[in-house]
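The structure under discussion appears below in the form of structure tokens.
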Amino acid sequence: MRWHPQGYGGRRRDPEQVKREGWQEQGVLAVSADDDRLTWPERELVRQLGEKLYGPRPSDREVRHG
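Going by full-length UniProt numbering, the first residue of the sequence shown is number 1, and it counts up by one from there.
Listed below in structure tokens is the structure:
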């Protein structure tokens with residue numbers, strides 16, 4: 001029997017499952033500003049929250065200053 005440290009070997013979790021568990025277990029929300037499941041106002045809210053917390057994305061800066 002082989003033993004692997006957690007995160008090495010075994011089955012890799014689906015990214016959506018990781019996001020879901022992060023929200024349900026820790027209240028952490030990971031969402032893409034381009035997620036097609038969101039309406040335009042929801043995507044805009046995500047973009048505004050991201051900019052408020054972390055600053056503009058590099059691609060957004062190029063559009064504004066370019």
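Every residue gets a Cβ at the ideal spot worked out from N, C-alpha and C, and that includes glycine.
Check	Outcome
So, are the CB atoms of Val31 and Gly22 less than 7 Å apart?	no
With DSSP collapsed to three states, give me the class of Tyr8.	coil
Since Ala33 and Arg47 should fall inside the 8 Å C-beta cutoff, what is the C-beta to C-beta distance between them, to a whole number of angstroms?	5 Å
What residue range does the alpha helix (DSSP H) around Pro15 cover?	15-26
Does Arg57 come out as helix, strand or coil in the three-state DSSP assignment?	coil
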